[in-house]
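Protein chains: 4
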Amino acid sequence: MKRVRVAIVGSGFMGGAHLDALRRVERVELGAGKHVVSEKPLTLTSSESAELVRLARDAGVMTAVNFNYRGYPLVQEARDMVSRGALGRLLLVHGHYLQDWLLKETDVNWRIESRLAGASRAIADIGSHWCDLVQFVTGQRITRVFAKLFRAHEERMRDGRPVRIDTEDGACMVIELEGGVVGSLTVSQVSAGRKNRQWLEVDGATAAVSWDQEEPNELWIGHRDRPNESLLKDPSMLSERARAFAHYPAGHPEGYPDGPRNLFDSFYAHVRGEASRPPVFATFEDGHRAVCVVEAALRSDATSGWVNVEYGL
Amino acid sequence: MKRVRVAIVGSGFMGGAHLDALRRVERVELGAGKHVVSEKPLTLTSSESAELVRLARDAGVMTAVNFNYRGYPLVQEARDMVSRGALGRLLLVHGHYLQDWLLKETDVNWRIESRLAGASRAIADIGSHWCDLVQFVTGQRITRVFAKLFRAHEERMRDGRPVRIDTEDGACMVIELEGGVVGSLTVSQVSAGRKNRQWLEVDGATAAVSWDQEEPNELWIGHRDRPNESLLKDPSMLSERARAFAHYPAGHPEGYPDGPRNLFDSFYAHVRGEASRPPVFATFEDGHRAVCVVEAALRSDATSGWVNVEYGL
Amino acid sequence: MKRVRVAIVGSGFMGGAHLDALRRVERVELGAGKHVVSEKPLTLTSSESAELVRLARDAGVMTAVNFNYRGYPLVQEARDMVSRGALGRLLLVHGHYLQDWLLKETDVNWRIESRLAGASRAIADIGSHWCDLVQFVTGQRITRVFAKLFRAHEERMRDGRPVRIDTEDGACMVIELEGGVVGSLTVSQVSAGRKNRQWLEVDGATAAVSWDQEEPNELWIGHRDRPNESLLKDPSMLSERARAFAHYPAGHPEGYPDGPRNLFDSFYAHVRGEASRPPVFATFEDGHRAVCVVEAALRSDATSGWVNVEYGL
Amino acid sequence: MKRVRVAIVGSGFMGGAHLDALRRVERVELGAGKHVVSEKPLTLTSSESAELVRLARDAGVMTAVNFNYRGYPLVQEARDMVSRGALGRLLLVHGHYLQDWLLKETDVNWRIESRLAGASRAIADIGSHWCDLVQFVTGQRITRVFAKLFRAHEERMRDGRPVRIDTEDGACMVIELEGGVVGSLTVSQVSAGRKNRQWLEVDGATAAVSWDQEEPNELWIGHRDRPNESLLKDPSMLSERARAFAHYPAGHPEGYPDGPRNLFDSFYAHVRGEASRPPVFATFEDGHRAVCVVEAALRSDATSGWVNVEYGL
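Chains as they are written, first to last, in my numbering: chain H, -5 to 307; chain L, -5 to 307; chain E, -5 to 307; chain Y, -5 to 307.
Structure follows, in C-alpha cells:
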C-alpha cells in the first residue's frame, strides 16, 4: 500500500475566529504538498475558496470537502440513474432541507452570529448540502438563484441576554441549472418536528426519483404508466459503483456515519492512485461552487431578483 | 325545510368557448337572485371575477367556488389548530401540487391551449387549489408572488399533429402572506409517479402541521421537544367543526367525493339560514382572489421579480 | 331497466334480540322470492346460516352479505393478480385486523355480551372480514384453524356497574387454506392507536402483495430481484374488472363508502341479469363460511388444537 | 483502563462442521477464564447451550450472545417504556420477521441443510431474534409455543443438482409470555420484497409501541384518545439509558452496525466493572433460552399442539 500524506481539516465544527486559523492551516498543508480533506463550508467567502482551489491546483494535490450526503449508496444510485438516462430529459428538481434545532428563541450556537459563522447561516449550513446534492445527482451546475430569506427571531437569548440576529433561519429559493432546468428549495432550521429532513426529487421525462436523508435506504422511483417503485438499498440491485458504497445486506440499514466513511475511502483510493473511476466526493472546486451559490442567494435576497452564480474559475 | 333557489354552474370541466357562455349563465342566475355555486376557476380574468363578486353582492345572494380540498375534515382541523394558536406564530408555509397526467408529448386536453383555458394552466388548474388551501388554513391572504414557470414541451401532439403550447407545465413559486410569512410552492403536471399530490406544511413557533391529499385521513403534527404526532381522522379527536366533516368512524377513510359533499352541505345550510358558524367553503371573493394570484404569478414570471397581488375589491 | 325486488336486511348494527327477528325477516323475504342483501354476520350459528343458504337456493334468488372490504378497487386488483398468476404459487398469507375502540374497561356496546352478539366478538366482528378477504383474494377456502383467544377485561363497566365479559377482545390465529398454504392472523379490538387497521399480505413464489384498509388506495407489490412497487389506485393501471370499482382519477382517494356502493352496484347488475362476470360480492354461501370459521376458531381455543372447518353444504 | 481478557467467537457465519469446533473453542475459552461473546445461535441444542451456561457460571465470567437488534436506541427506549409502565398492563404482542433471500429454488446456503445448521432454519436464524426482542422489550419469558412450519421448496438446486430440504422456510407461531400475555409471530425467508423486516408491536392497556428494523430510527406509539406519536431517534427525547445508544444527532440515522457496537461497548463496560446498570446485551442464559424456544417450536409443529418451553436452568 502506497504511503500518502493527507491533512484532515475540521473547520465546520468550530467556526468563529478559528475559521481563519483553519484556512491558514489548509494553505500551509497545501503548500506542503499534502492532499487535503476539509469540512464544509470550505470558506466563508468565494474569494477565499477560489484561492484555495488555485493553491491546490498549483500543488497538484487532491482535495475533498465533506459533503457527506453524497456518500449514501442510494444517492450514488440516483446519480447513476440520471447519468445513464433512466429518467430521460430532466424537467424539474425540488425539495427541502428542514431542521428544528434553532426553533426557539433560546436556541443559540456559534453559528447564529455572522461575525463567527459568516453572513449566511441556514443556506450556508444546510442549504449548501442540498445544492451540492442536486448538482451531484443531476451532473449540472446551478447557474441562477432567486432567494427570499426569513428570520424567525430578530433576537435570541444567550445566557439570559438578547443577541441581535443577522443571519437567516431559512429561505425559499428558486434555482436554475445549466441545462435550463428550474428547481425549488425550501431551507429551514425552525420547522418543528423536522430533525434533519433533506429531501430531493428529480423529475425527468420518463421517470422521477425521490430521496429523503431521514430514510436513506429507500429510493422512490416515480412512473407515469406503471406502478411507482421503492428501491431498497439492496446491493444486488444497485449499479456497480453504488454497490461499492453499500456495506450491509439488503434490509440492514446503512446509517449516517457510512456516508463520510465511503467518501474517505474513495478519497484515499484516489490519492493512492488505486481508483478506476472519477471521484464521487466533492472537491475544493465543488466546495467553492457551494460558497458561490450561498453568496448569490444572499445577493438575490438583497436585490429581490435573480442573481447569476459566478464561479470565476 | 326552507326552499332555496340554487344554481350549480359547472365550468371547469368544459372550458373553451363555453367558459364565456357559463359566465353569462352565472350573470343571469345572479341577476335572478339565485345563490350560485361555481366550478373553479371562477373566471379567466380578474376583471371578470371582480364583476361576478359585485353582481353577487348586489343581488344579496350567497356564492361558492368549488375549492373542494377544504372539505376534508383534517384540512378543517388544520385551520382550527392555526386559528386557536396551537401552532404559535407562523414562520413558514411550503408544499407542492404535483401530477403526471400531462407528462408526455402526446398528452393533450382542452386545458393545454390558452385560447380555451386561459393564459395559465398548471398554476390556474392546480396551483390555485394550493393557494386557496394555504390561505384558508392560515387565514391570511397571499400578498406577493414570485414565480418561475417552466414548460416541458414546446409542442404537443394532438391527433398526430403538433400543437404549439403557450401555457406552463409547472412553476416554482415563492409567496408572502399578509402577516409577512414567506412560503414556497412547487407546481407540476409533469412529475412522473405523482398523481394528485397536493401537500402543504405550515410551520409555527410551537408546532407544525403537514397534510397530503393522497393520504387525506392523516394530519402530521411536528414538535420540537416531544414526539411528532399523527392525527388520524378520528371524529372523537377533532374540533367540533372539523368533526362535522367526518362521516365515518376512525380508520374508515373519507374519500375524494366527501370533500365537495361537505362543502355543498355547508353551502345549503348557509343559504337556508341554518348555519351557526361562518362559512368554510370558498366564496366568489375567494375565487376572485385565486384568479388574482394566478395573474400575479404570470406577471412575475414575465418580469422576473416580485409582483404584489392586487385584489381590487 | 328491469324492475327487481330486493330486500336489504341490516342486522349488524342492532344485534341482540333483534337478530332473531331479522333472521325471520330474511326467511320471509326469501320465501317471497326476493333477492336479499344481509349485513354480516349472516347469523350467529352455522346451522342458521346453512338454513338461509338452502332457503335462498330453493327460492332461486341472489344473495349478498356485506363484506364491504371486497369493494375497494385494489382488493379486486389483488385478487386478479393472484388469479392470473402474477404472484406465482402461493406460499404464505398473513396479516391483522386491529382496532382500539374497546380498549378501556369503560368501553361497552351491545356487541360485548354473548347473549346479544353471539359467542364470539372480535373474531366474528372483524376477524371474519379478514377471513373473507383472504379467501376472496386467494380464491381458496380456509380448511383448518388454530386460535388462541384473549380477553383484556374480565369485567367491563356499564353505567357504573360491572358486566361480566364472556367474549374475546382478540385472538392469535393460524390458518390453513385448501391448497395447503398456511397463514396467520392477529385480531384485536384493544390495540391502542389502531383504528381500523385491516392488513393483509399474500406471499407468492414470484411476488407478494400487501394491502392496508387504512390506506386503501395503495397496493404494495414485493419483488425479490427488482424494486418493490407501489400501485396507486390509478384506473389506467388496473385490470378491467378492478377499474370498474374505481370512480375517481388517480390520486383522488376512494373512501370507505365506495366499497359497499360497488358491491351494491354489482349485486343489482346481477339481479338484473346485466352482469357479464361472476359476482365479486360475498353471497350467503360466503357468509355461511365466515360463520363456520368463527365457530371453528372458538372450538380450537376450547380444545387447544387445530380444528377443521366443516362447511356442511 | 483495566485490562480484560475477552474471546469473541463468531459461529453464526460459518456453520456446519465448524459449529462443533466453535463450541469446543468456547468451552476452552470459558475454561481459561475468559469472558466470551458468541454469535447466535449459541448452540444447536439446548443441552449444549445449558452446558455452556453452566461452564460460564463455574468460570465466573461474563458472557454475551450477539442478539444485535437490542442495540438500536429505540429498542432500548421501547423496553424502558414498558418497564416504567408507559404502556400499562400488557395485552398483546405481535409481529413478524420476513426476508426473501431464500425465495427461489436456486437459493442455497449452508443454512438450508439441517446436518450443518441444525433442525430449524428460519425460526433459529431469524425467529430467534424476534423472540429475544419480545422477551427483552417486555421483560417476560416465553412460556408456551404453538408453531406451524412451512416449506416453500421440498428440494432446492445446488450446482444444478437437487438437494432435499428438511428445514422450514417459515412458520406461523402463537406464543404465551410468563405473565399470560399472548402473541403471534410470522417468520419467513420466502416473502418477496421483504429484505430484513423484523417488526414488533407491543399493545398495552394505555398505549402501544411498534418498531420496524428496516426503519429503526422511528418508534410508533399508539394512543386511544390522542394522536399517535412517532418518536424519532432524538437523543434529547430518549431515556438516559437509551440515549447512551444514540451516537448521532436527531435525524442522522443510526445504522445496522451501531447495534452490535453498542452491545460490545456495553459488554466491555461490564467486564471492566465500569457499568452502573444491569446489562442490556443478551447473555448465554438468553442464548440458551432462544435455543429452547426454537426446540419447543419444532416440537409443537410435530405434535400439532402447544408446547411448554422448558428452560431447565
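By construction, the Cβ of each residue, glycine as well, lies at the ideal position given by its N, Cα and C atoms.
Where does residue 167 of chain E sit, in a helix, a strand or coil, going by DSSP? Taking the first residue of the third sequence as position 1, residue 167 of chain E is located at position 173. Reduced to three states, the DSSP call for residue 167 of chain E is strand.
Element boundaries [beta strand (DSSP E), containing residue 254 of chain Y]: By one-based count along the fourth sequence, residue 254 of chain Y stands at place 260. Counting along the chain, residue 254 of chain Y falls outside any beta strand (DSSP E), though it belongs to the alpha helix (DSSP H) covering 252 to 265.
In angstroms with no decimal places, state the Cα-to-Cα distance between residue 182 of chain E and residue 302 of chain E. In the third sequence, counting from the first residue as 1, residue 182 of chain E sits at position 188. In the third sequence, counting from the first residue as 1, residue 302 of chain E sits at position 308. Those two C-alpha atoms are separated by around 23 Å.
Anything in the region 215 to 241 of chain Y with a Cβ closer than 8 Å to a Cβ of chain L? List those residues in chain order, please. So the list reads 215, 219, 220, 221, 222, 223, 224, 225, 226, 230 and 231, given in the order they occur along the chain.
In whole angstroms, what separates the C-alpha of residue 128 of chain Y from that of residue 62 of chain Y? Locating residue 128 of chain Y in the fourth sequence gives position 134, where the first residue counts as 1. Locating residue 62 of chain Y in the fourth sequence gives position 68, where the first residue counts as 1. Using only the alpha carbons, I get a separation of about 13 Å.
Are residue 194 of chain Y and residue 89 of chain Y close, meaning C-beta to C-beta below 8 Å? By 1-based counting over the fourth sequence, the position of residue 194 of chain Y is 200. By 1-based counting over the fourth sequence, the position of residue 89 of chain Y is 95. Cβ distance < 8 Å, so residue 194 of chain Y and residue 89 of chain Y count as in contact.
For residue 97 of chain E, decide whether its Cβ has a neighbour in chain Y, counting only Cβ atoms nearer than 8 Å. As a first step, residue 97 of chain E is located in the third sequence; it is residue number 103 there, counting from the start. Yes, contact with chain Y.
Can you list, in chain order, the residues of the region 161 to 193 of chain E whose Cβ is nearer than 7 Å to any Cβ on chain Y? Hits within the stretch, in order: 164, 166, 168, 176, 177, 178, 180, 182, 184, 185, 186, 187 and 188.
Straight-line gap, residue 281 of chain L to residue 33 of chain L (C-alpha atoms, nearest Å): If you number the second sequence from 1, residue 281 of chain L lands on position 287. If you number the second sequence from 1, residue 33 of chain L lands on position 39. The C-alpha of residue 281 of chain L lies about 9 Å from the C-alpha of residue 33 of chain L.
In chain H, which residues lie less than 8 Å from residue 300 of chain L when you measure between Cβ atoms? For the purposes of this step, residue 300 of chain L is taken as the residue at position 306 of the second sequence. Within chain H, the residues near residue 300 of chain L are 298.
N-terminal and C-terminal residue of the beta strand (DSSP E) that residue 223 of chain H is part of: For the purposes of this step, residue 223 of chain H is taken as residue 229 along the first sequence, with counting starting at 1. Per DSSP, residue 223 of chain H belongs to the beta strand (DSSP E) from 222 to 226.
Closest residue to residue 163 of chain H among H:121, H:171 and H:39 (Cα-Cα distance): Residue mapping note: residue 163 of chain H aligns to position 169 of the first sequence, counting from 1. For the residues H:121, H:171 and H:39, the minimum Cα distance to residue 163 of chain H belongs to H:121.
Following the continuous beta strand (DSSP E) through residue 140 of chain Y, name the residue where it begins and the one where it ends. As a working note, residue 140 of chain Y is residue 146 in the fourth sequence. From DSSP, the beta strand (DSSP E) with residue 140 of chain Y extends over 136 to 144.
Taking buried to mean at least 16 other C-beta atoms within 10 Å of its own C-beta, is residue 55 of chain Y buried or exposed? Taking the fourth sequence and counting its residues from 1, the one referred to as residue 55 of chain Y is at position 61. Under the 10 Å beta carbon count, residue 55 of chain Y is surrounded by 16 or more other beta carbons and is classified as buried.
Contact check, residue 93 of chain E vs residue 233 of chain E, beta carbons under 8 Å: Taking the first residue of the third sequence as 1, we reach residue 93 of chain E at position 99. Taking the first residue of the third sequence as 1, we reach residue 233 of chain E at position 239. No, Cβ-Cβ distance for residue 93 of chain E and residue 233 of chain E is not below 8 Å.
DSSP-derived helix/strand/coil call for residue 39 of chain Y: Locating residue 39 of chain Y in the fourth sequence gives position 45, where the first residue counts as 1. In the structure shown, residue 39 of chain Y sits in coil (DSSP, three-state: anything other than H, G, I, E or B).
When the distance is taken between beta carbons, is residue 115 of chain H closer than 8 Å to residue 283 of chain H? To locate residue 283 of chain H, count along the first sequence from 1; it is residue 289. To locate residue 115 of chain H, count along the first sequence from 1; it is residue 121. In this structure, residue 115 of chain H does not lie closer than 8 Å to residue 283 of chain H by Cβ.
Sorted by chain position, which residues of the same chain lie with C-beta nearer than 7 Å to residue 44 of chain Y's C-beta, five sequence neighbours on each side aside? Sequence index remark: in the fourth sequence, residue 44 of chain Y carries index 50 (1-based). Counting only residues of its own chain and dropping the five nearest sequence neighbours on each side, residue 44 of chain Y has a CB closer than 7 Å to the CB of 282, 306 and 307.
Only counting the same chain, and skipping five residues up and downstream in sequence, which positions put a Cβ closer than 7 Å to that of residue 80 of chain H? Counting from one through the first sequence, the residue named residue 80 of chain H turns up at place 86. Its chain contains 201 as the residues whose beta carbon lies nearer than 7 Å to that of residue 80 of chain H, once the 5 sequence neighbours on both sides are disregarded; these appear in chain order.
Going by CA-CA distance only, name the one from H:300, H:230 and H:258 that's closest to residue 57 of chain H. Indexing the first sequence from 1 puts residue 57 of chain H at position 63. It is H:258 whose Cα lies nearest to the Cα of residue 57 of chain H.
Exposed or buried, which one is residue 174 of chain H when buried takes at least 16 other CB atoms within 10 Å? Reading the first sequence from its first residue, position 180 is the one you call residue 174 of chain H. It is exposed - the Cβ of residue 174 of chain H has fewer than 16 other Cβ atoms within 10 Å.
So that I know if they touch, is there some Cβ in chain H lying closer than 8 Å to that of residue 200 of chain L? As a working note, residue 200 of chain L is residue 206 in the second sequence. Interface flag for residue 200 of chain L against chain H is set, since a Cβ pair is found closer than 8 Å.
Rounded to whole angstroms, what's the CA-CA distance from residue 150 of chain H to residue 101 of chain H? Just pull it up for me. As a first step, residue 150 of chain H is located in the first sequence; it is residue number 156 there, counting from the start. As a first step, residue 101 of chain H is located in the first sequence; it is residue number 107 there, counting from the start. Distance between the alpha carbons of residue 150 of chain H and residue 101 of chain H is about 7 Å.
Inter-residue Cα distance where the pair is residue 255 of chain L and residue 227 of chain E: For the purposes of this step, residue 255 of chain L is taken as residue 261 along the second sequence, with counting starting at 1. For the purposes of this step, residue 227 of chain E is taken as residue 233 along the third sequence, with counting starting at 1. Roughly 21 Å between the two C-alpha positions.
What's the C-alpha gap between residue 293 of chain Y and residue 37 of chain Y? Start at 1 with the first residue of the fourth sequence, and residue 293 of chain Y comes out as number 299. Start at 1 with the first residue of the fourth sequence, and residue 37 of chain Y comes out as number 43. Each residue's alpha carbon lies about 17 Å from the other.
Using DSSP's beta-bridge definition, name the partner residues of residue 214 of chain E. Along the third sequence, one-based indexing puts residue 214 of chain E at 220. Note: residue 214 of chain E sits in a beta bridge opposite E:204 and E:224.
Under 8 Å from the C-beta of residue 250 of chain E: neighbouring residues of chain L: Against the third sequence, residue 250 of chain E aligns to sequence position 256. The answer, in chain order, is 242, 246, 247, 248 and 249.
Nearest neighbour of residue 261 of chain L, chosen from L:291, L:180 and L:29 [CA to CA]: Here residue 261 of chain L is taken as the residue at index 267 of the second sequence, counted from 1. Closest by alpha carbon: L:29.
Taking residue 308 of chain H and residue 286 of chain H to be in contact with their CB atoms under 8 Å, please state how far apart those CB atoms are, rounded to whole angstroms. The question about residue 308 of chain H has no answer, for chain H in this structure spans -5 to 307.
With DSSP as the reference, label residue 282 of chain L as helix, strand or coil. As a working mapping, residue 282 of chain L is identified with position 288 in the second sequence. Residue state, collapsed to three classes: helix.
Using the C-alpha atoms, what's the distance from residue 144 of chain L back to residue 290 of chain L? Indexing the second sequence from 1 puts residue 290 of chain L at position 296. Indexing the second sequence from 1 puts residue 144 of chain L at position 150. Rounded to the nearest angstrom, the two C-alpha atoms are 16 Å apart.
For the candidate residues E:26, E:178 and E:18, whose alpha-carbon lies nearest to that of residue -1 of chain E? Residue numbering aside, residue -1 of chain E sits at position 5 when the third sequence is read from its first letter. When only C-alpha atoms are compared, the closest one is E:26.
Between the Cα of residue 180 of chain L and the Cα atoms of L:124, L:229, L:83 and L:205, which residue gives the shortest distance? Walking along the second sequence from the start, residue 180 of chain L turns up at place 186. Of the candidates L:124, L:229, L:83 and L:205, the residue whose Cα lies closest to the Cα of residue 180 of chain L is L:124.
Note down, in chain order, each residue of its chain lying with its Cβ closer than 7 Å to the Cβ of residue 130 of chain L, except the 5 sequence neighbours on either side. Reading the second sequence from its first residue, position 136 is the one you call residue 130 of chain L. Answer for residue 130 of chain L: 64 and 73, listed in chain order.
When the Cα atoms are used, what is the spatial distance from residue 8 of chain H to residue 105 of chain H? Position 14 of the first sequence, counting from 1, holds the residue named residue 8 of chain H. Position 111 of the first sequence, counting from 1, holds the residue named residue 105 of chain H. With a pLDDT of 45 at residue 8 of chain H, under the threshold of 50, the modelled position of this residue cannot be trusted; read the value that follows with caution. Rounded to the nearest angstrom, the two C-alpha atoms are 9 Å apart.
Taking 8 Å as the threshold (beta carbon to beta carbon), is residue 68 of chain L in contact with chain H? For the purposes of this step, residue 68 of chain L is identified with residue 74 of the second sequence, where counting begins at 1. Between residue 68 of chain L and chain H, the shortest Cβ-Cβ separation is not below 8 Å.
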